[in-house]
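7 is the number of the first residue of the sequence shown in this note's numbering; add one for each residue after it.
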Amino acid sequence: MKITENLHNLKKSIPENVTLVAVSKTKPTSDILEAYQAGQRIFGENKVQELVEKYKKLPQNIQWHMIGHLQSNKVKYIAAFIHLIHGVESLKLLQEINKQALKNKRTINCLLQLYIAQEETKFGLSEPEFISLISSNEFKALKNIKIVGLMAMASFTDNKTQIQTEFKALKTIFDTYKHQKITNFDLQILSMGMSSDYQIAIECGSTMVRIGSSIFGGR
Ligand SMILES: *Cc1c(COP(=O)(O)O)cnc(C)c1O
Numbered sequence: 007m008k009i010t011e012n013l014h015n016l017k018k019s020i021p022e023n024v025t026l027v028a029v030s031k032t033k034p035t036s037d038i039l040e041a042y043q044a045g046q047r048i049f050g051e052n053k054v055q056e057l058v059e060k061y062k063k064l065p066q067n068i069q070w071h072m073i074g075h076l077q078s079n080k081v082k083y084i085a086a087f088i089h090l091i092h093g094v095e096s097l098k099l100l101q102e103i104n105k106q107a108l109k110n111k112r113t114i115n116c117l118l119q120l121y122i123a124q125e126e127t128k129f130g131l132s133e134p135e136f137i138s139l140i141s142s143n144e145f146k147a148l149k150n151i152k153i154v155g156l157m158a159m160a161s162f163t164d165n166k167t168q169i170q171t172e173f174k175a176l177k178t179i180f181d182t183y184k185h186q187k188i189t190n191f192d193l194q195i196l197s198m199g200m201s202s203d204y205q206i207a208i209e210c211g212s213t214m215v216r217i218g219s220s221i222f223g224g225r
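Shown next as structure tokens:
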């Protein structure tokens, strides 16, 4: 019941044009089913093995998002069904996703992860790296992937101003490149914001929030 209640409360604080990804990592399938019964259809996981096990057990109309760091050698396990891969940050990984998508006769939507935090620990591309990736011929040759947006994580801090500055930086990059549409690149989604900072992220222009603990409780 708690999950249903959390989800309803959360939905009230999220505008309709912002997509909610319910981050269910480490949580049992019974928790996911409760959220599913409350109407939630999009779930995010960060470990391939866990994602595959849950995919097999749970209703087929769930849209699964991979939100964690993805290793190239594991793409093959999720390529047949994954709805969106957040957090892609290399050409090598994109090439592998493209290869596995082709094998499955589909196009896989991905978000590129940018580095906006002042912390050293976060993954992601810098803006120059992002530009050089999307400008390369190797990238343009990938017909079975599509970059549909950007993703980032802000610094882990209580400093609201700093988080705002980081999210705004990503929004600026997003706005700069959203008009540039090529076959495999068309920015629609700005994935930023988790339990602790989703309200700030939405103020800064997020269109997709990834929320775990505020729905399912602490991990
Ligand atoms: C775990 C995780 C989240 C959700 O975090 P909460 O604080 O539980 O909302 C969001 N994004 C990524 C990439 C994560 O790994």
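Every residue, glycine too, gets a C-beta built ideally from N, C-alpha and C. Since the model is a prediction, treat every value here as computed from it, not as a measurement.
- Boundaries of the alpha helix (DSSP H) around F145: 143–146.
- In this structure, the C-beta of N12 stays at least 7 Å away from each heavy atom of ligand 1.
- Of the residues K63, D203, L176, the one whose Cα lies closest to the Cα of D164 is D203.
- If you check the C-beta of I73 against ligand 1, you find a heavy atom less than 7 Å away.
- The count of Cβ pairs closer than 8 Å, one atom from the segment 131–147 and one from the segment 165–173, stays below three, leaving the stretches out of contact.
- Annotated three-state conformation of Q168 is helix, per DSSP.
- In this structure, L76 lies away from I217, with their beta-carbon atoms at least 8 Å apart.
- About 13 Å separates the CB atoms of L193 and S212; that is not less than 8 Å, and the two are not in contact.
- From the listed residues I208, Q119, L139, G93, the smallest Cα separation to N23 is found for I208.
- Residue pairing from DSSP leaves R225 without any beta-bridge partner.
- In the structure shown, H14 adopts helical secondary structure according to DSSP, grouped into three states.
- Collapsing the DSSP output to three states places N104 in a helix.
- Note on H71: 16 or more other CB atoms within 10 angstroms of its CB, so buried under the neighbour-count rule.
- Apart from sequence neighbours up to five positions away, the residues of its chain that approach I48 with a beta-carbon distance below 6 Å are V27, Q69, ordered along the chain.
- With respect to I151, N79 sits apart: the two C-beta atoms are not nearer than 8 Å.
- For Q205, same chain residues with a beta-carbon under 8 Å away, outside a window of 5 residues either side, are S19, G199 in chain order.
- If only complete runs of 4 or more residues are kept, the segment 17–41 shows no alpha helix (DSSP H) anywhere.
- Taken through DSSP and simplified to helix, strand or coil, K152 comes out as strand.
- Its chain contains I9, T10, L13, H14 as the residues whose beta carbon lies nearer than 8 Å to that of A44, once the 5 sequence neighbours on both sides are disregarded; these appear in chain order.
- Judged by their CB atoms, H92 and I114 are not nearer to each other than the 8 Å cut-off.
- Residue nearest to K60 within the set V81, Q46, I38 is I38 (criterion: CA-CA distance).
- When rounded, the separation of the alpha-carbon atoms in G223 and E40 is 13 Å.
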